[in-house]
Structure formats: structure tokens, C-alpha cells
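Asker:
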Amino acid sequence: MRKNLKEYFEQNGCKIEGNSACGVINGYRVNYSTAPMETNTVLFFSYYAAENDRQNIVDALKILEDKFTKYSFNVYGVTFLLNDWTGAKLAERIMRTIDTVCNVLTKNNAKGAEYCPICGKQLNDSEAQLRKIDGFYVAIDEECVNSLNERIEQSNQEFESAPNNYLKGFGGALIGGLAGVAVAVILNLIGFISAISSFVAFFVGILLYRKFGGKPNKMMLVIVTSTTFVCMVLSIIGIYVFVAGQAAVEQGANMSAFKAFSVCMQDEEFARYFYADLAMTILFSVLGCVFEIVKTARNIKRATKI
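Residue numbers for the sequence shown follow this note's numbering, so the first one is 422 and each next one is one higher.
Below you can see the structure in the form of C-alpha cells.
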């Protein structure tokens, strides 16, 4: 966290934990968070607004939206994703956004930190009623907590009872794997072996797995990862089998591509190139899949009790 940003949160009485901060600024509870592997800084404002004031808040906040500033609303408040060209400019944008949003909320009669963002009731002790939800601290009335937990439990039960559709999901994963193979072949033709093909295979596989009806759970990660890995390995084997077959044709040898590959593997230089490319493909596939697994696992993690 930049020095001026840290001083800003400290001056406003916020509690700072590593690259996160939380506290009441201008009457509203503000959560700040950033992480080394994330591209965006996140700001979350919790508040309660009456029905006739909500649209006014939505309209008023449109002045903040640009290529560096995106926002979305949920039942607890509004979340901002911020970025900028430099760290200094980003810090200025963060502080400017906090002041602007708080002013907009105040002008539109939004209730702040002393009120439940769901029902609007005044809290007896907002600090004692803080709950960590989706990584952010929100003060919620006890009745609302119980109601939310009932909904979460019902939603999780419905999710568990829904069909897994492994076969349909595998179809999507396979298409994703083939998309990765296509990228791998193209890159190989121009002399590159890259993790990009694994990223493509995994991303498309996850997308189509869910699109085809597969349930987004841990088994989805296992199926897509396995399919991606096998497709990437087979892409290298396929490329070398094809090259060996073409070489056999050019030499006028009457043999299949697989037989030609077997013969070529007896050549020390050919075998060395094959095993080197195979090892690099496995390495990049593992790196690509691990990166995507971490990101996807976080996205599909289901809520538990608040």
C-alpha cells in the first residue's frame, strides 16, 4: 500500500491489514482491498437506501465510470474496480472516488455505517455486528443475518441436488482442449511453445463445460484440467507424428506416419527435440492449469453461513 494511501486510511480511523483497509469514512463503511496477483483495486461501500433513492444513486454514480473505473451494486452496497496508469495516479483515484461516492450517498439520503444495509434498521453496535462477506466487512442486523443464512442453505441444497451432467460437461471441456490444440499447432508452426494454448484450452473448456450444463464444482476442475493436459500432450505428439509422416513421404518411403515417427525417434537429434518440446509443453500446461484452477476455484466457491 502506498504511503499516502496508508496515511489517508489511518487519518480516517480505518483498520489496516496488509493490503486491505476497513473503516467508517464520512459516515459510510468503506472496504479497500488489493492483491499482488490482481489487476484491480477494489472499493466496497455498504449503505441502505430507500427504493425511491436507489435509482438516483445509480444515476449519480455514472459520472465516475470510465475505462479505469467500473462498479456494480449488490444487496449490501456498491463495489468499485479501479485501475490507472501508475500507482500514484491510482492512489489519487481511490481517494477521489471515496470522497465522491460518500457525497453522492449523503445527497441521496443513504443511511451509513450505523444502519443495516439490508433492512435499514439502526444497529445497536455496528462494530459488534460486523460480518465478513465475500472478503469485506459489513455490519448487518441479526434478523437479516438469519434470513440470509436460510437462503444460502436452501440455495446450496438445490445446487447439491442438481444433476452433475458430467458427460455434457466433458463435451465442453473437449472442445476447449481442441481449441488449445489449434493454438498450440499454430504457435509451433512459427517456432513457439507457450502456456497461452493451455490458458485457451482451460478457459474455453470451463466456459463450455458450464454452457453445456455441467455443474460448476470441484469435479469440473478435475475434468477440464485432465482434458486440457491430455490435449496439450497429444498436440505435441501429433505434430511430431505429422512431421515424421511428411518426411517419409518426401523420402518416398512407403510407411504410415506412426511408423515413420517410430523410425525418426531412433535418430538422437529428432528424439532430443521431441522430448524437449514435450517437457516444455507439460511444464507450460501445468503452469497454465494451476493458474486457472486457482482463479476459477475462487469464483465457483459457494457461500457458507454468514
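C-beta: ideal position from N, C-alpha, C; glycine also.
Bear in mind the structure is a predicted one, so any value in this text is a computation, not a measurement.
Between F730 and F691, what straight-line distance do the alpha-carbon atoms span, to the nearest angstrom?
Answerer: Missing from the structure shown is residue 730; the chain here goes from 422 to 727 and no further.
Asker: Do you know how far the Cα of K632 is from the Cα of Y453?
Answerer: Going from the Cα of Y453 to the Cα of K632 covers about 33 Å.
Asker: For A534, which residues from the same chain have a beta carbon less than 7 Å from its beta carbon, with the 5 sequence-adjacent residues on both sides left out?
Answerer: Result list for A534: V445, G448, Y449, R450, S547, A560, in chain order.
Asker: For L699, which residues of its own chain have a beta-carbon under 6 Å away from its beta-carbon, when the five flanking residues on both sides are left out?
Answerer: I657.
Asker: Determine the extent of the beta strand (DSSP E) in which F489 is found, giving its start and end residues.
Answerer: F489 -> no beta strand (DSSP E), and no H or E assigned at all.
Asker: May I have the straight-line CA-CA distance separating Q578 from A622, to the nearest angstrom?
Answerer: Approximately 31 Å, taken between the alpha carbons.
Asker: When DSSP labels each residue in this structure, what does I539 get in the three-state scheme?
Answerer: Three-state DSSP puts I539 in coil, outside helix and strand.
Asker: Shortest alpha-carbon distance to F370 belongs to which of P538, N473, V715?
Answerer: Nothing about residue 370 can be reported from this structure: the residues present for the chain run from 422 to 727 only.
Asker: Note down the Cα distance separating W506 from A512, rounded to an integer number of angstroms.
Answerer: Using only the alpha carbons, I get a separation of about 11 Å.
Asker: Output yes or no for whether 8 Å exceeds the beta carbon distance between I437 and K427.
Answerer: Yes, Cβ-Cβ distance for I437 and K427 is below 8 Å.
Asker: What beta strand (DSSP E) runs, 3 residues minimum, are completely inside the region 555-607?
Answerer: Complete beta strand (DSSP E) runs here, min 3: 557-560.
Asker: Under three-state DSSP, which class holds L551?
Answerer: Reduced to three states, the DSSP call for L551 is strand.
Asker: Grouping DSSP H, G and I as helix and E and B as strand, with all else coil, what is K532?
Answerer: If DSSP states are grouped into helix, strand and coil, K532 belongs with the strands.
Asker: Out of V625, V670, L708, state which residue places its alpha-carbon closest to the alpha-carbon of A594.
Answerer: Looking at the Cα atoms, V625 is the closest of the given residues.
Asker: Could you tell me the distance, in whole angstroms, from the CA atom of I607 to the CA atom of G598?
Answerer: C-alpha separation (whole angstroms): 14 Å.
Asker: Mapping the DSSP letters down to three states, classify A442 as helix, strand or coil.
Answerer: Strand at A442.
Asker: Could you give the C-beta distance for G541 and Y469, rounded to a whole number, given that I count them as a contact under 8 Å?
Answerer: About 4 Å; that satisfies the 8 Å criterion.
Asker: Take every Cβ of the region 654-670, pair it with every Cβ of the region 679-698, and state whether three or more of those distances are shorter than 8 Å.
Answerer: These segments touch.
Asker: Return the chain-ordered list of same chain residues with a C-beta closer than 6 Å to the C-beta of Y536, the five sequence neighbours on each side being excluded.
Answerer: Cβ neighbours of Y536 beyond the five flanking positions: Y469, Q543.
Asker: Under the rule that 16 or more other beta-carbon atoms within 10 Å means buried, what is F591, buried or exposed?
Answerer: Buried, since its Cβ has 16 or more Cβ neighbours within 10 Å.
Asker: Is it a yes or a no for the region 474-492 touching the region 562-577, going by three-plus beta-carbon pairs under 8 Å?
Answerer: Segments in contact, no.
Asker: Taking S619 as the reference, give the member of R514, F712, L629, K716 with the closest Cα.
Answerer: Answer by Cα proximity: F712.
Asker: Could you give the DSSP three-state label for T717: helix, strand or coil?
Answerer: Looking at T717 - three-state DSSP - the assignment turns out to be helix.
Asker: Going by DSSP in three states, K636 sits in which element: helix, strand or coil?
Answerer: Note: K636 maps to coil in three-state DSSP.
Asker: How would you write the range of the alpha helix (DSSP H) that S683 sits in, first residue to last?
Answerer: Its alpha helix (DSSP H) spans residues 678-685.
Asker: Quick check on this structure: which residue in F501, D520, L526 has the alpha carbon closest to the alpha carbon of A481?
Answerer: If we check each option's Cα against that of A481, L526 comes out closest.
Asker: Would you list the one or two residues that DSSP bridges to S454?
Answerer: According to DSSP, S454 bridges with S441, V463.
Asker: How would you call V522, buried or exposed, if buried means at least 16 neighbouring beta carbons within 10 angstroms?
Answerer: V522 should be labelled buried.
Asker: Helix, strand or coil: how does DSSP classify T500 here?
Answerer: Residue state, collapsed to three classes: strand.
Asker: Could you pull the start and end residues of the alpha helix (DSSP H) that R423 belongs to?
Answerer: No alpha helix (DSSP H) holds R423; DSSP gives it neither H nor E.
Asker: When the Cα of T646 is compared with those of P584, V715, N720, A603, which residue comes out closest?
Answerer: Cα-wise, what sits closest to T646 is V715.
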